[in-house]
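If you count the sequence shown from 1, position 63 lands on 63 in my numbering, and the numbers rise without skipping.
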Amino acid sequence: MPAMTTALTPDIAARFAAVALGHVAREYPNKPGHVLAGPADARTPAALHPAFHGSYDWHSCVHGTWLLARVLRLYPDGPQAPAIRARLDAQLTPETVAGECAYFAAPTARGFERPYGWGWLLKLADELSALPERRWSEALAPLAGMIAQRFRDFLPVAVYPVRVGTHFNTAFALRLAADYAEGAGDAGLTALLRDTAERWYGADTDCPAWGEPGGDDFLSSALIEAECMRRLLPPARFAPWFDRFLPDLPASRPATLFRPASVTDRSDGKIAHLDGLNLSRAWCFRALAAALGADDPRRPLLGAAAEDHLAAGLPHVTGDYMGEHWLATFAVLALEAGPDGDPGGGPDDLLRET
């Protein structure tokens, strides 16, 4: 396909915000990841999760809320800004967050949303902390503190990483948590995340990516590992690791990484994950390309692969609720990465009207 520049323009941001506003407070349909210890635990999603009961499941509500906060920070006077502020005011209060904290404090919730939802909750906390309106960040702070402590407790005892392309992927969670740790100035958590990434992935070489894509992947286990290491390692340590990890990239191999996934049924929630794979791969390709030198022959290859995956994924952000309740978040990650890490202007016509 021809080279193109695609970025998160104000128009696209407003349209994505409208999509998120349509689902972050929508309680049903709902897929709870809830353990019942007794009859009293059989409650509605809103009773279980006062802040994050929309968007089909808890983690999608969290990152849909992140999308809203992100758009508000980028475009505080945009057309969706008043509705976003009203939604955050209703959703993130000391009372609703106290309800979420109470849920996480239950013994049955020790592993709830680990690690995907944990990473997104911290990513949301980091985004809220950058807004001039402090009330939402302050309201969420007790839950963010709980989740940060969960990472501190869990990572030292997690001997092995999880390399699947779904919610259990550990590299993705470390990648998101790194933004929170840095933004909060938490050097201890940053060091723990970096040390864990090196312990889990530091010796990895010659990644074949032979299992990609799986039938319900929305992450590339290879590319998100590389993006995790890019985010956490100093450039001088990342560069030789990346060379060893994917040594055949100059020849566009592993070839499976460069072929966008085919999606055959977007009403099937698992198959619809593959639209997310195309978008998350585009994010990783762009971020990794930006970390390479201007003359590195891999840079244009990764940039072109990102464009191919964006072209495959962006037209399907909306259209069926199985994808619509979450795909815009991954589209934002990809579009904000931008060619060479620098968002520029781009065609809006890759997106369907919302």
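The C-beta atom is built at its ideal place from N, Cα and C for all residues, glycine as well.
- Distance from the Cα of residue 311 is smallest, within the candidate group 162, 282, 248 and 220, for 282.
- The DSSP-derived three-state label of residue 278 is helix.
- Taking the Cα positions, residue 70 is about 32 Å away from residue 245.
- DSSP places residue 137 inside the alpha helix (DSSP H), whose first and last residues are 135 to 154.
- For residue 173, the CB contacts under 7 Å within the same chain, skipping 5 residues up- and downstream, are 115, 116, 118 and 119 in chain order.
- Considering only 133, 132 and 146, the residue with the shortest C-alpha distance to residue 99 is 146.
- Look at residue 63 here: in three-state DSSP terms it is helix.
- The region 299 to 345 is shown to contain whole alpha helix (DSSP H) runs of 4 or more residues at 321 to 324 and 327 to 337, in chain order.
- Taking a contact as a CB-CB distance under 8 Å, the pair residue 66 and residue 124 counts as one, their CB atoms being some 4 Å apart.
- Between the alpha carbons of residue 335 and residue 9 lies a distance of about 9 Å.
- Within the region 155 to 183, no complete beta strand (DSSP E) segment of 3 residues or longer occurs.
- Buried is the label assigned to residue 286, since at least 16 other Cβ atoms lie within 10 Å of its Cβ.
- Around the beta carbon of residue 210, fewer than 16 other beta carbons sit within 10 angstroms, so the residue counts as exposed.
- The alpha-carbon separation between residue 270 and residue 220 amounts to approximately 15 Å.
- For residue 242, the uninterrupted alpha helix (DSSP H) run begins and ends at 235 to 245, by DSSP.
- Leaving aside the five residues that flank residue 176 on each side, the residues in its chain whose CB is nearer than 7 Å to its CB run, in chain order, 119, 120, 122 and 123.
- Spanning the alpha carbons of residue 13 and residue 68 requires a straight line of approximately 9 Å.
- Note that the C-beta distance between residue 297 and residue 254 is not below 8 Å.
- Going by DSSP, residue 88 is part of the alpha helix (DSSP H) stretching over 81 to 91.
- For residue 56, no alpha helix (DSSP H) encloses it, and the DSSP letter there is neither H nor E.
- Straight across, the Cα-Cα distance linking residue 306 with residue 127 is about 25 Å.
- Here residue 278 really is in contact with residue 261; their C-beta atoms are around 6 Å apart, less than 8 Å.
- Distance from the CA atom of residue 192 to the CA atom of residue 293, rounded to whole angstroms, is 28 Å.
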